[in-house]
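Engineer: Take a look at the following structure, please.
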Amino acid sequence: MAATASAQVDACDANTGPPSADFEHYAAQQWPLEAERAKGNRQNVSRLANRLRLALEKGDTVELADCPRGDTAHVYLYEHFDEIGRFYVVRRPAFRDFSYTLVMRASGKQYTVYGTPIWSQDKARFLTVACSWLPPRGALTVHAPASGGIATDAEIPLPTCLDETESCSARWDNPSWIAVTCTRTDGSSRRGSEFVVLKGSDGVWKTFGR
Numbered sequence: 395m396a397a398t399a400s401a402q403v404d405a406c407d408a409n410t411g412p413p414s415a416d417f418e419h420y421a422a423q424q425w426p427l428e429a430e431r432a433k434g435n436r437q438n439v440s441r442l443a444n445r446l447r448l449a450l451e452k453g454d455t456v457e458l459a460d461c462p463r464g465d466t467a468h469v470y471l472y473e474h475f476d477e478i479g480r481f482y483v484v485r486r487p488a489f490r491d492f493s494y495t496l497v498m499r500a501s502g503k504q505y506t507v508y509g510t511p512i513w514s515q516d517k518a519r520f521l522t523v524a525c526s527w528l529p530p531r532g533a534l535t536v537h538a539p540a541s542g543g544i545a546t547d548a549e550i551p552l553p554t555c556l557d558e559t560e561s562c563s564a565r566w567d568n569p570s571w572i573a574v575t576c577t578r579t580d581g582s583s584r585r586g587s588e589f590v591v592l593k594g595s596d597g598v599w600k601t602f603g604r
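Under the working numbering, the residues of the sequence shown are numbered 395 to 604, in order.
Put into structure tokens, the structure is as follows:
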């Protein structure tokens with residue numbers, strides 16, 4: 395059976411004229427860097443102009459198409475293949491947004507997250523942190539592999555990200571304990587927020603120490 399390509403084409407405003415100079419400049423800078431990252435995985439990752447091609451396990455491929463035009467402008471940039479989750483991590487900078495697309499190698503299913511995946515010590519879950527003022531996002535999300543895809547275990551609000559007073563990061567101290575550290579964005583010496591997120595015996599993630 396011949397391999398087939400499944401194309402992912404996000405909304406792209408084709409009526410706004412030719413590609414923007416800013417997009418072309420950004421792409422010219424980023425595509426060579428992407429090619430360097432893909433060197434060790436060339437049999438599975440390739441690019442044809444504005445289309446990123448990712449090979450799937452059964453011989454098919456997924457194509458992610460860039461958009462150079464208007465407010466819908468975005469680009470897909472291969473970052474790496476996650477061996478634990480068996481998915482491609484693809485960065486998606488856009489005119490008004492920034493995200494990552496996770497592409498499952500077995501099925502081609504795609505999931506949008508707003509931070510790079512950070513796995514727990516037992517490899518059962520990963521977390522992502524979304525912390526931005528524009529667009530407004532402030533959340534620590536715990537994800538888990540489920541039925542060949544990715545499920546959300548918990549989403550913890552990070553309100554100080556939304557008012558631009560702090561920038562937050564998170565780490566696993568153990569598979570049931572996440573430490574969150576926030577730093578002030580105003581350059582002051584004041585200490586930022588610190589708290590922990592714990593998974594209880596009931597399976598619910600709860601915050602302590604805010």
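Where is the CB? At the ideal position from N, CA and C, for every residue including glycine.
Look at the Cβ atom of Q424, then the Cβ atom of L471, and state whether they are nearer than 8 Å.
Structural biologist: Yes. Within cutoff.
Engineer: What's the C-alpha gap between S570 and G502?
Structural biologist: Cα to Cα, S570 sits roughly 30 Å from G502.
Engineer: Which residue from G479, A573, R490, H474 puts its Cα closest to that of C461?
Structural biologist: When only C-alpha atoms are compared, the closest one is R490.
Engineer: Does A422 pass the burial test, meaning 16 or more other C-beta atoms within 10 Å, or should it be called exposed?
Structural biologist: Per the 10 Å Cβ criterion, exposed.
Engineer: Quick one: residues in its chain with C-beta nearer than 7 Å to the C-beta of A533, no 5 flanking neighbours on either side, listed in chain order?
Structural biologist: Within the same chain, A533 has close Cβ partners A524, E549, I550, P551, L552.
Engineer: Where does L390 fall in DSSP's three states?
Structural biologist: There is no way to answer for residue 390, as the model of the chain reaches only from 395 to 604.
Engineer: Considering Cα atoms alone, identify which of C576, V591, A540 is closest to R585.
Structural biologist: When only C-alpha atoms are compared, the closest one is C576.
Engineer: Any idea what DSSP makes of T455, helix, strand or coil?
Structural biologist: Residue state, collapsed to three classes: strand.
Engineer: Going by beta-carbon coordinates alone, are L496 and A564 separated by less than 8 Å?
Structural biologist: Cβ atoms of L496 and A564: not closer than 8 Å.
Engineer: Would you please state the rounded distance, in angstroms, between the beta carbons of T466 and D416? I believe it to be under 8 Å.
Structural biologist: Not quite, the Cβ-Cβ distance comes to about 14 Å (not below 8 Å), so this is no contact.
Engineer: Cβ of T535 within 8 Å of Cβ of E558?
Structural biologist: No.
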